[in-house]
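Novice:
Protein chains: 2
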Amino acid sequence: MGTVDKALSLLDYFSESRPEVGLSDLARMAGFDKATVLRLMTSLADRGFVEQNVTTSKYRLGPALLRLANIRESTFPQKASARPILQRMSEESGETVHLMLLGKDSLETLDFIETKAHAMRVHMDAGERISLHASASGLACLAFMPEKQTHQALSGELERFTPRTLTDRAAVLDLLKAVRQDGIAEIDQGFEDGVFGMAAPIFSSHGAVTGSVGIATPFTRMNEPFRKKARSIIQQAANDITRAWGGIEPQADIGGTAA
Amino acid sequence: MGTVDKALSLLDYFSESRPEVGLSDLARMAGFDKATVLRLMTSLADRGFVEQNVTTSKYRLGPALLRLANIRESTFPQKASARPILQRMSEESGETVHLMLLGKDSLETLDFIETKAHAMRVHMDAGERISLHASASGLACLAFMPEKQTHQALSGELERFTPRTLTDRAAVLDLLKAVRQDGIAEIDQGFEDGVFGMAAPIFSSHGAVTGSVGIATPFTRMNEPFRKKARSIIQQAANDITRAWGGIEPQADIGGTAA
DNA sequence: ACCAGCGGTTCAAATATTAAACCGATTAGG
DNA sequence: CCTAATCGGTTTAATATTTGAACCGCTGGT
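Taken in sequence, the protein lines are chains H and F. Our numbering numbers the first residue of the first sequence as 1 and each following residue consecutively. Our numbering numbers the first residue of the second sequence as 1001 and each following residue consecutively.
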């Protein structure tokens, strides 16, 4: 593990629910020596990737991230170009909608809109990272990856999040077949209790999965009419975002998913 | 120069006007060996801080920056909380407005709005970094820094951007006196030909300068009535943002600026 | 008044980083 | 159509950087 990799990995310990972290905590969580973490964090701080709370000297993510993200968005407006589509989804569905990006072996939250239509709604955390096997978004991606990559992603232990999480590799693979035919993945409380998730994949210009869009609703509001409606909303949105990002739907049965 | 610092410094070669850079170019610009740059970029790419254009294999800024920026904004909504104020400035002034953050020895563009009121307007680049001595924003900051820091920031060669750029240390220091009394810095085409800039400082909770807000107008539209109006708009906005960010205006004559 | 934990420092030992030459592939020019 | 230059990327021994245990002084809780 290179030094750069270590430094960057430290940033992953910050989240919406843990926005500030102290030196010792960070060292413990990352499993690095305190002196190492200090030096790495100092490097990160010098470049503005983190900054320190002046009174507590805890670290938080820094303004350089905003600056660089702004540059990326201005020349490669992924988030901005999908926003209106997400907005429309949110209004049409009256539920929380989310746009995820496929990372190395996880999904990362790029954007989401929590519905205003209901007081009880699914809450999301900005920039959250979730594993592939337990969420509708994850399954949507897994279903359309090259077969090899799918197996690779499912090669480790499948973590259990709820009583209904599929932790059996075979069961997941089986489910993926249905998703492939359907174009949409659905999970009833597989990632979080009480949440019903639905999502469809987004494709790159080479026809590879790059992310997903989906809807997350309290399972109590899920019923057949709404499910139908949601499916069409999601399918439409996925197509629109794929197109907005310059992607193309892969030809049926290509992309390594067959046999 | 540590390895982490080197890796992070590579990200600074990406900008709105140069969104994609190749390996050799990067090595040349940074003055590092090609093999070194490759390894650093590979580390950055593994973590999603950059990604490669599949067809050209040039690098561009990656989605991890968005993710982390989102987390920061969601828990520390600097940009979002200033947005409405910037919006109001834009509408009231009919000119391009900008919000800058004070970095190590430069200002970094956090946000801006180009006016829709005029076809001829001042254009800005997302995430641009500008030096302190030549812009109104920079002078606004310099004027309210601790004296030592001001001198430090002006210790190097002062780059000339236009015929009217102040490159004489003494002249800048002199101008800062006026800015201190005024609370607003003004520069007629000191950073870019044809652009008249005005800006006021923003303060942190400890009364230290952390950034600036300002207006940039084609100098041909600048006249005494508009100048008056702009001054009040800027002053109001600076106060509002300082407050929105939990900052306080420093007491007069404190902050090391006296004597 | 204590102890435990904090952020931060030190320095010899251990390890990762570097740079020059080299590779095959691609592009530009004569 | 052939040459030369440049591209992204790889390899290697030589080297500079990183590491971690023990140790600060300080703060906050009991």
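From the three backbone atoms N, C-alpha and C, an ideal C-beta is built for every residue, glycine too.
Helix, strand or coil, according to DSSP, for A1063 (chain F) in the structure here?
Specialist: Looking at the sequence provided, one finds Pro at residue 1063 (chain F) rather than Ala. Here P1063 (chain F) sits in helix by DSSP.
Novice: Express the C-alpha separation of G194 (chain H) and R227 (chain H) in angstroms, rounding to a whole number.
Specialist: One C-alpha to the other measures close to 16 angstroms.
Novice: Give me the Cβ distance between L1040 (chain F) and K1006 (chain F), rounded to the nearest whole Å; I'm assuming they're in contact under 8 angstroms.
Specialist: With a Cβ gap of about 6 angstroms, L1040 (chain F) and K1006 (chain F) count as contacting.
Novice: Check the DSSP bridge columns for I1113 (chain F) and list the partner residues they point to.
Specialist: Bridge partners of I1113 (chain F): F:V1097.
Novice: Quick check on the DSSP output: the alpha helix (DSSP H) that includes P1225 (chain F) runs from which residue to which?
Specialist: Element bounds for P1225 (chain F): 1224–1244.
Novice: Which residues mark the beginning and the end of the beta strand (DSSP E) in which E186 (chain H) is found?
Specialist: Per DSSP, E186 (chain H) belongs to the beta strand (DSSP E) from 185–188.
Novice: Cutting at 6 angstroms between CB atoms, please list the residues of its own chain near I1085 (chain F), excluding the five before and the five after it.
Specialist: Answer for I1085 (chain F): A1237, D1240, I1241, listed in chain order.
Novice: Measuring only between beta-carbons, confirm whether I71 (chain H) sits less than 8 angstroms from chain F.
Specialist: Interface residue, yes.
Novice: For S212 (chain H), report the span of its beta strand (DSSP E) as first-last.
Specialist: S212 (chain H) -> beta strand (DSSP E) spans 209–218.
Novice: My guess is that A126 (chain H) and T165 (chain H) are in contact by the Cβ rule of under 8 angstroms, so how many angstroms apart are they, rounded?
Specialist: No, A126 (chain H) and T165 (chain H) are not in contact; Cβ-Cβ is about 24 angstroms, not under 8 angstroms.
Novice: I want to verify the contact list: residues of chain H whose CB lies under 9 angstroms from the CB of F1014 (chain F), in sequence order.
Specialist: Neighbours of F1014 (chain F) on chain H, chain order: L68, I71, R72, T75.
Novice: Along chain H, in chain order, which residues have C-beta atoms closer than 9 angstroms to that of P1019 (chain F)?
Specialist: Neighbours of P1019 (chain F) on chain H, chain order: I71, R72, S74, T75, F76.
Novice: CB-CB under 6 angstroms to T1167 (chain F), same chain, minus the five flanking residues each way: which ones, in chain order?
Specialist: Here the set comprises L1158, R1160.
Novice: Kindly indicate which three-state DSSP category R1169 (chain F) falls into: helix, strand or coil?
Specialist: Helix, per DSSP.
Novice: With DSSP as the reference, identify every bridge partner of Q52 (chain H), one or two as the case may be.
Specialist: Note: Q52 (chain H) sits in a beta bridge opposite H:Y59.
Novice: Could you check if V54 (chain H) is buried or exposed, using at least 16 other CB atoms within 10 Å of its CB as the buried criterion?
Specialist: The residue in question, V54 (chain H), is exposed, as its Cβ has fewer than 16 Cβ neighbours within 10 Å.
Novice: Taking the beta carbon of R67 (chain H) as the centre, do at least 16 other beta carbons fall within 10 Å, making it buried, or is it exposed?
Specialist: Result: buried.
Novice: How far does the beta strand (DSSP E) with G1197 (chain F) in it reach, from first residue to last?
Specialist: First-last of the beta strand (DSSP E) with G1197 (chain F): 1195–1203.
Novice: Check distances from the C-beta atoms of the stretch 1048–1062 of chain F to those of chain H and list, in chain order, the residues that come in under 7 angstroms.
Specialist: Answer in chain order: G1048, F1049, V1054, R1060, L1061.
Novice: Any C-beta of chain H sitting closer than 8 angstroms to the C-beta of K1034 (chain F)?
Specialist: By this cut-off, K1034 (chain F) is not an interface position.
Novice: Do you know whose CA, among F:D1046, F:T1042, F:G1062, lies nearest F1014 (chain F)'s CA?
Specialist: Of the listed residues, the one whose Cα sits closest to F1014 (chain F) is F:G1062.
Novice: With a 10 Å radius around its C-beta and 16 neighbouring C-beta atoms as the bar for buried, classify D111 (chain H) as buried or exposed.
Specialist: That one is buried.
Novice: Using a C-beta cutoff of 8 angstroms, does S1081 (chain F) count as contacting chain H?
Specialist: So no, S1081 (chain F) is outside the interface.
Novice: Helix or strand or just coil, what does DSSP make of T71 (chain H)?
Specialist: According to the sequence shown, residue 71 (chain H) is Ile rather than Thr. In this structure, I71 (chain H) counts as helix in the three-state DSSP scheme.
Novice: Over what stretch of residues does the alpha helix (DSSP H) that includes G156 (chain H) continue unbroken?
Specialist: Segment: none, G156 (chain H) is in no alpha helix (DSSP H) and carries neither H nor E.
Novice: Is DSSP giving L1010 (chain F) helix, strand or coil here?
Specialist: Here L1010 (chain F) sits in helix by DSSP.
Novice: Which same chain residues, not among the five before or five after A1069 (chain F), have their C-beta less than 6 angstroms away from its C-beta?
Specialist: No residues qualify anywhere along the chain.
Novice: If you compare alpha carbons, which of H:A64, H:D105, H:G190 is closest to G211 (chain H)?
Specialist: Among H:A64, H:D105, H:G190, the Cα nearest to that of G211 (chain H) is on H:D105.
Novice: Consider the Cβ of D105 (chain H): report whether some Cβ of chain F lies at a distance smaller than 8 angstroms.
Specialist: Not closer than 8 angstroms to any Cβ of chain F, the Cβ of D105 (chain H) fails to qualify, so no.
Novice: At a CB distance below 9 angstroms, what residues from the stretch 127–155 of chain H approach chain F? Give them in sequence order.
Specialist: Flagged, chain order: G127, E128, R129.
Novice: Using a Cβ distance threshold of 8 angstroms, determine whether the stretch 1137–1144 of chain F contacts the stretch 1177–1196 of chain F, with at least three qualifying pairs required.
Specialist: The stretch 1137–1144 of chain F vs the stretch 1177–1196 of chain F: in contact.
Novice: Whose Cβ in chain H lies nearer than 9 angstroms to the Cβ of E1108 (chain F)?
Specialist: Residues of chain H passing the Cβ test: G48, P63, A64, L66, R67.
Novice: Taking C-alpha atoms, which residue in H:Q189, H:L173, H:I248 lies nearest to P201 (chain H)?
Specialist: Checked all of H:Q189, H:L173, H:I248; the closest Cα to P201 (chain H) is H:I248.
Novice: Tell me which residue opens and which closes the alpha helix (DSSP H) that G1138 (chain F) is part of.
Specialist: G1138 (chain F) -> alpha helix (DSSP H) spans 1136–1144.
Novice: Closest by CA to G214 (chain H), which one among H:S90, H:R121, H:L154?
Specialist: When each option's Cα is compared against that of G214 (chain H), the closest is H:S90.
Novice: Taking the alpha carbon of E1073 (chain F) as the reference point, which residue from H:L10, H:E20, H:R231 has its own alpha carbon closest?
Specialist: Out of H:L10, H:E20, H:R231, H:E20 has the C-alpha closest to the C-alpha of E1073 (chain F).
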